[in-house]
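Notes follow once the structure below has been shown.
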Amino acid sequence: QRIMQHRGHSAHCVCFQINPTPPLSPHGPANLSSPNNYLLLLKIVIKSASTTLSGNAFHIVGKWWNAQSLLTGQTGYIPWNFVAKAHSLETEQWFFKDLSRKDAERQLLAPGNTKGSFLIRESETVQGSFSLTVRDFDSQQGDVVKHYKIRSLDKGGCYISPRITFNNIHELVQHYTVNLDGLCQLLVKPCQNRAPQKPWWQDEWEVPRESLKLEQKLGSGQFGDVWMGCYNNHTKVAIKCLKTGSMSPEAFLAEANLMKTLQHDKLVRLYAVVTEEPIFIITEYMSNGSLVDFLKTSAGAKLTIYKLIDMAAQIAEGMAFIERKNYIHRDLRAANILVSDTVNCKIADFGLARLIEDNEYTAREGAKFPIKWTAPEAINYGTFTIKSDVWSFGILLTEIVTFGRIPYPGMSNPEVIQSLEQGYRMPAPENTPFELYSVMGRCWMEKPEDRPTFDYLQSVLEDFFTATESQYQQQPQ
């Protein structure tokens with residue numbers, strides 16, 4: 088076995104042979120170089136146990152393939168999309184098939200990667216084409232990522248520079264590991280990616296309280312306490328313990344059933360619930376905690392403006408998904424954004440604000456009401472829409488560029504309300520790029536319909552530093 092990557096996930100690699108037509112052959116193992124060999128790309132996790140099936144020769148049964156072990160002769164079913172042909176691109180550690188350009192940059196800039204870390208991905212725009220993405224270092228910008236088009240030859244083969252051509256991408260990678268030939272760095276090692284958390288089984292929705300173990304209190308919020316914990320002694324999770332009486336269990340369960348359908352890479356995954364009071368919400372665990380707290384740490388203080396705006400782009404991407412689903416967050420701020428171990432952001436607590444039955448939170452005069460993040464129409468009339476979320480996003484941008492400073496510094500909540508009614512807007516925080524303050528200003532337009540969509544905000548922030556640059560490096564000469 089060896090560890091490899093597939094679709095951006097860590098994987099255990101095991102060899103199979105596929106015989107799609109007749110059932111299993113009684114004969115011995117085939118030559119491992121056979122074109123019918125397939126590789127198991129992902130570990131198969133069966134409930135609480137983690138089992139890797141290895142074997143030889145299987146035939147197709149719908150989306151599951153019957154596999155026979157090369158070593159023991161045992162048979163079992165494996166998902167068809169967990170395998171790929173031996174010696175194909177999908178089996179290479181450096182190949183990230185479905186990764187977008189932006190996510191390629193994020194992964195290469197994540198902890199564990201260094202100068203010369205690289206990956207190859209499919210082109211987002213030209214079907215059948217590929218791009219090489221390499222981590223580099225710039226004396227002014229710090230760690231950066233550069234992209235190179237891999238071009239195809241009419242008679243087969245490929246190249247980055249027309250001076251040097253290759254029969255296939257494997258040869259290209261091998262060449263640039265030892266020859267610079269115009270690249271920014273030698274290809275030192277494939278992009279490292281953390282192993283994904285164990286998958287959650289969809290039938291495990293309402294779970295018994297006894298299946299959860301609270302291990303470490305992470306903090307307290309508007310809704311209750313948050314703990315790092317363990318489910319069934321094998322899956323690390325975050326557990327939000329809601330204060331008794333804070334919301335109706337019936338209303339919560341109805342909302343949670345809707346929330347669990349909102350699954351996106353930039354949203355914290357809702358796994359399960361305990362519906363008897365005190366209500367527990369079980370979600371994926373994010374090791375760096377809330378964004379507002381992370382920005383105040385020594386690691387947060389080192390983030391460059393490039394990374395800060397990328398974080399904003401990630402949040403906009405998650406909110407664009409919520410927008411497409413005709414959902415509303417209602418409490419968008421840095422305290423409700425969580426940060427992963429790879430310093431990427433996910434949106435948490437979407438939809439919960441509507442269910443709170445605490446007058447201190449629901450009344451605009453209440454001490455807990457997040458006045459400074461709330462759009463005027465939501466403060467004055469209780470009108471919450473995706474456009475009031477856009478207003479809140481503009482405030483969140485100020486939190487990001489000030490490393491967690493409270494908005495409207497020096498102003499009380501009543502002063503903020505009165506000032507907004509008179510047309511006041513927060514001035515640009517120190518060192519805020521003019522173009523970013525312009526984005527904030529658009530989020531704070533008086534009429535909700537004049538505010539931009541999250542889809543637009545995502546595109547602006549993702550291209551913030553590349554709009555005037557060439558997307559790809561020039562062909563090496």
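Terminal number for the sequence shown in our numbering: 564, no gaps in between. Ideal Cβ placement from N, Cα and C applies to all residues, glycine included. Bear in mind that the values here come from a model prediction, so they are computed numbers and not experimental data.
Beta-carbon spacing of residue i, residue j below 9 Å
{"i": "glycine 306", "j": "leucine 329", "result": "no"}
{"i": "glutamate 342", "j": "glycine 438", "result": "yes"}
{"i": "glutamate 486", "j": "alanine 403", "result": "no"}
{"i": "glutamate 364", "j": "histidine 257", "result": "no"}
{"i": "isoleucine 424", "j": "serine 377", "result": "yes"}
{"i": "tyrosine 358", "j": "glutamate 293", "result": "no"}
{"i": "leucine 548", "j": "alanine 435", "result": "no"}
{"i": "glycine 199", "j": "glutamine 261", "result": "no"}
{"i": "leucine 259", "j": "leucine 267", "result": "no"}
{"i": "aspartate 397", "j": "arginine 208", "result": "no"}
{"i": "asparagine 375", "j": "aspartate 428", "result": "yes"}
{"i": "proline 514", "j": "arginine 529", "result": "no"}
{"i": "asparagine 153", "j": "threonine 159", "result": "no"}
Residues near residue i by beta carbon distance below 8 Å, same chain, minus five either side
{"i": "cysteine 271", "result": "Val221, Asp223, Lys233 and Gln560"}
{"i": "glutamate 508", "result": "Pro463"}
{"i": "valine 488", "result": "Ile392, Leu395, Pro516, Asn518, Thr519 and Leu523"}
{"i": "valine 275", "result": "Thr201, Lys202, Gly203, Ser204, Phe205 and Thr264"}
{"i": "alanine 136", "result": "Model confidence at alanine 136 stands at a pLDDT of 37, short of 50, so the residue's coordinates are unreliable; what they give is reported in the following sentence. Excluding positions up to five away in sequence, the list is empty."}
{"i": "leucine 240", "result": "Tyr246 and Thr252"}
{"i": "aspartate 550", "result": "none"}
{"i": "arginine 492", "result": "Thr485, Glu486 and Pro516"}
{"i": "lysine 383", "result": "Phe490 and Gly491"}
{"i": "glycine 244", "result": "Thr252, Phe253, Asn254 and Asn255"}
{"i": "proline 113", "result": "For proline 113, the predicted structure reports a pLDDT of 39, less than 50, and the residue's modelled location is therefore unreliable. A value from the coordinates is still provided. Answer for proline 113: no residue qualifies."}
Expected contact under 8 Å - CB spacing of residue i and residue j to nearest Å
{"i": "alanine 407", "j": "aspartate 190", "result": "Between aspartate 190 and alanine 407 the Cβ distance is about 15 Å, and since that is not below 8 Å, they are no contact."}
{"i": "proline 494", "j": "isoleucine 482", "result": "5 Å"}
{"i": "tyrosine 246", "j": "serine 218", "result": "Tyrosine 246 to serine 218, Cβ: 13 Å. No contact."}
{"i": "valine 426", "j": "threonine 370", "result": "14 Å between Cβ atoms; not a contact."}
{"i": "proline 277", "j": "tryptophan 181", "result": "4 Å"}
Selection from the options that minimises the alpha carbon distance to residue i
{"i": "isoleucine 326", "options": "Gly160, Asn518, Asp185 and Val360", "result": "Val360"}
{"i": "cysteine 317", "options": "Gln350, Glu297 and Gly332", "result": "Glu297"}
{"i": "valine 213", "options": "Pro516, Arg188 and Asn200", "result": "Arg188"}
{"i": "valine 313", "options": "Asn319, Gly163 and Lys300", "result": "Lys300"}
{"i": "arginine 356", "options": "Thr331, Leu382 and Lys433", "result": "Lys433"}
{"i": "valine 526", "options": "Ser499, Glu291, Val477 and Glu502", "result": "Val477"}
{"i": "isoleucine 415", "options": "Glu533, Thr472, Arg208 and Asn266", "result": "Thr472"}
{"i": "valine 430", "options": "Thr252, Ala388, His351 and Phe456", "result": "Ala388"}
{"i": "proline 457", "options": "His351, Arg417 and Lys474", "result": "Arg417"}
{"i": "leucine 196", "options": "Phe367, Gln228, Asn413 and Pro295", "result": "Gln228"}
{"i": "threonine 362", "options": "Ala338, Asn255 and Ser475", "result": "Ala338"}
{"i": "isoleucine 366", "options": "Met334, Tyr372, Leu349 and Lys353", "result": "Met334"}
{"i": "arginine 411", "options": "Asn319, Val379 and Lys474", "result": "Lys474"}
{"i": "lysine 184", "options": "Glu211, Tyr164 and Gly163", "result": "Glu211"}
{"i": "phenylalanine 32", "options": "Asp230, Ser506, Gly215 and Phe552", "result": "Examination of residue 32 is not possible in this model, given that the chain is present from 88 through 564 alone."}
{"i": "methionine 373", "options": "Leu354, Met346 and Ala386", "result": "Leu354"}
{"i": "leucine 349", "options": "Asp380, Asn413 and Pro336", "result": "Asn413"}
Own chain, CB closer than 6 Å to residue i, minus 5 neighbours either side, in chain order
{"i": "glutamine 303", "result": "Met315"}
{"i": "tryptophan 460", "result": "Arg420, Ser479 and Ile482"}
{"i": "methionine 346", "result": "Leu357 and Gly438"}
{"i": "valine 231", "result": "Asp223 and Asp225"}
{"i": "alanine 465", "result": "Phe471 and Ser475"}
{"i": "serine 216", "result": "Ser210"}
{"i": "alanine 450", "result": "Low confidence applies to alanine 450: its pLDDT is 45, below 50, so where it sits in the model is not reliable, and the reading given next is rough at best. No residues qualify anywhere along the chain."}
Beta-bridge pairing of residue i - partner residues as DSSP gives them
{"i": "valine 426", "result": "Cys432"}
{"i": "threonine 252", "result": "Tyr246"}
{"i": "leucine 354", "result": "Ile434"}
{"i": "lysine 323", "result": "Cys317"}
{"i": "leucine 299", "result": "Tyr318"}
{"i": "cysteine 328", "result": "Asp312 and Phe367"}
{"i": "valine 232", "result": "Arg222"}
{"i": "alanine 359", "result": "Ile369"}
{"i": "glutamate 209", "result": "Phe217"}
{"i": "arginine 238", "result": "Tyr246"}
Cβ neighbours of residue i in the same chain (closer than 7 Å, five flanking residues each side left out)
{"i": "histidine 351", "result": "Gly405 and Phe408"}
{"i": "glutamine 545", "result": "Ala400, Ala403, Glu404 and Ala407"}
{"i": "methionine 532", "result": "Arg538"}
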